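Note sheet for the following structure.
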Amino acid sequence: MSANYWTSSQRNKWQFSRQELRDARSSVTKMEIQLYGNECTMKYDINMRIYLHQLIIKLGRKLNLRQVILSTAEVYLTRFFVRVSIREINIYLLVTTCIYIACKMEESPQHIRTILSEARNCWPEFIPNDLTKLAEFEFYLIEELNCYMVVHHPYNSILEVVNVLKDGDIASRLEVSPEELQTCWSIMNDSYITDLHLLFPPHIIATGTLYLTLVLGADVRKSVNNISATQNPRIEAFVNFLAASNIDLDEVIETIQELLTLYDAWNSYDEMYVKNGLHQMLLSMNR
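Residue numbers for the sequence shown follow the numbering used here, so the first one is 13 and each next one is one higher.
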């Protein structure tokens, strides 16, 4: 297992440019149309991604799992859909499998029967009472990810940034409160809905979440449409830190914009619409 992001499979095998991601997903869409036609309205869009994020959280809470396991599972899911159509698979079994493998990779293995039982409690109509189905999907998922399962997260990066800010010079010194750090963690958890973890290194995502926290405060979703251009000394200190660092500012700006777009979409998210459409699609697959 690589302890260094810069030499890891995440950077060398699973980090893309935006154009590379568009091309990969375009190939999936073309294959999807050839196999299934255009009649299905369900797509792997931001609404579906929010729904899948909530499914991972739901099963994770049932199993009392650490957040890093859920984040790893969500990265697997995002990588998987770079190559596979949403119309090919049982979403609920995919979520269950991602969590099952993530538990192993994050050194908190769960027995396959426990995972399957809790998943069936959550979604009894879509999770088969058959251990072999989960085991088969595990091999399928690992194969699609080319066996590159190590994931580096921004959680450690944010602690490093906070420590640097605390010990910085006068112009860039900044004390981040425990409440602000908690908000950063919350935004980072939400960031797994997006493509950020396929695009940028962990420290870029951590830096973007801290900037959003300083600008918007604790309730990011409600504040997203009320961003003030007025600078305050704490934001100025953070900007000074960025200016003096080697952090790629363009990537930080892209990260911030991606998160703002997510929260804007989340404000109009309709869970029942996604859920009903997905269930209709799954039922039609089983006919």
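Ideal placement from N, C-alpha and C gives every residue a C-beta, glycine not left out.
Predicted, not measured: the structure shown is a model, and the values here were computed from it.
Would you call the segment 142–157 in contact with the segment 103–119, where contact means no fewer than 3 C-beta pairs closer than 8 Å?
Three or more Cβ pairs drawn from the segment 142–157 and the segment 103–119 lie within less than 8 Å of each other, which places the two stretches in contact.
Start and end of the alpha helix (DSSP H) containing N158?
Note, N158: premise wrong, no alpha helix (DSSP H); not H, not E.
Could you pull out every residue in the same chain whose Cβ sits closer than 8 Å to the Cβ of Y17, ignoring the five residues on either side in sequence?
Cβ within range, chain order: R23, H164, P213 and P214.
Can you tell me the Cβ-Cβ gap for M253 and S184, rounded? I've got them flagged as a contact below 8 Å.
Note that residue 253 is Phe in the sequence shown here, rather than Met. Contact annotation, F253 with S184: C-beta distance approximately 4 Å; criterion of less than 8 Å satisfied.
For T267 versus I217, is the C-beta spacing smaller than 9 Å?
Cβ distance < 9 Å, so T267 and I217 count as in contact.
Can you tell me where the alpha helix (DSSP H) holding Y167 begins and where it ends?
Counting along the chain, the alpha helix (DSSP H) containing Y167 begins and ends at Y167 to K178.
Do you know whose CA, among L171, A255 and M117, lies nearest W197's CA?
Residue L171 is the option with its Cα nearest to W197.
Three-state secondary structure (DSSP) of S184
Secondary structure at S184: helix, using DSSP grouped into helix, strand and coil.
Can you give me the C-alpha to C-alpha distance between P140 and T126, rounded to a whole angstrom?
Distance between the alpha carbons of P140 and T126: 14 Å.
With a threshold of 7 Å on Cβ separation, who are the neighbours of A241 within its own chain once the five nearest residues in sequence on each side are excluded?
Here the model assigns A241 a pLDDT of 47, short of 50, so the residue's position is not dependable, and the following value carries that caveat. Excluding residues within five positions, none has a Cβ falling inside 7 Å.
Can the beta-carbon of E32 be found closer than 9 Å to that of R95?
It is not a contact, given that the beta carbons lie outside the stated cut-off.
Can you tell me where the alpha helix (DSSP H) with P6 in it begins and where it stops?
Any answer about residue 6 is impossible in this case: the structure gives the chain only from 13 up to 299.
Is the CB-CB distance between A249 and L290 below 9 Å?
No. Outside cutoff.
Would L274 pass as a contact of F28 if the rule is Cβ separation under 9 Å?
Against a cut-off of 9 Å, the Cβ pair of F28 and L274 comes out as no contact.
Go ahead and label T90 buried or exposed: buried means 16 or more other beta carbons lie within 10 angstroms of its beta carbon, across all protein chains shown.
By the neighbour-count criterion, in which a residue is buried when 16 or more other Cβ atoms sit within 10 angstroms of its Cβ, T90 is buried.
To which residues of the same chain is R61 closer than 7 Å at the C-beta, ignoring the five residues directly before and after it?
Annotation for R61: I205 place their beta carbon closer than 7 Å to its own, counting only its chain and skipping 5 residues before and after.
Taking E118 as the reference, give the member of K55, R78, S97 and W135 with the closest Cα.
Across the set K55, R78, S97 and W135, the C-alpha of R78 shows the shortest separation from the C-alpha of E118.
Limits of the unbroken alpha helix (DSSP H) element including G289
Unbroken alpha helix (DSSP H) run through G289: E283 to M297.
In the DSSP assignment, find the alpha helix (DSSP H) that holds W135 and state where it starts and stops.
Membership of W135 in any alpha helix (DSSP H) is not indicated, and neither H nor E is assigned to it by DSSP.
Less than 8 Å between the CB atoms is what I'm expecting for V80 and Y167, so what's the real figure, rounded?
The Cβ separation is near 7 Å, so the contact holds.
Quick one: using the 10 Å Cβ neighbour count with 16 as the cut-off for buried, is S169 buried or exposed?
The residue is buried, with at least 16 neighbouring Cβ atoms inside 10 Å.
Three Cβ pairs or more, each shorter than 8 Å: is that satisfied between the segment 40–60 and the segment 281–288?
The segment 40–60 is in contact with the segment 281–288.
Within 9 Å, strictly: CB atoms of L271 and L208
Yes, the pair counts as a contact, with Cβ atoms nearer than the cut-off.
Pairwise C-alpha distance: L71 and N102
One C-alpha to the other measures close to 16 Å.
Residues of its chain near E44, where Cβ-Cβ distance is below 7 Å and the 5 sequence neighbours each way are ignored:
Excluding residues within five positions, the ones whose Cβ falls inside 7 Å are S97 and R99.
Looking at the structure shown, is L77 part of a helix, part of a strand, or coil, going by DSSP?
DSSP places L77 in coil when its eight states are reduced to three.
Could you spell out the range, first to last residue, of the alpha helix (DSSP H) harbouring M200?
Where M200 is concerned, the enclosing alpha helix (DSSP H) starts and stops at P190 to S203.
Extent of the continuous alpha helix (DSSP H) run through Y56:
Run containing Y56: none; DSSP gives neither H nor E here.
Have a look at T41 and C134 and give me their C-alpha separation to the nearest angstrom.
Straight-line Cα distance between these residues: approximately 30 Å.
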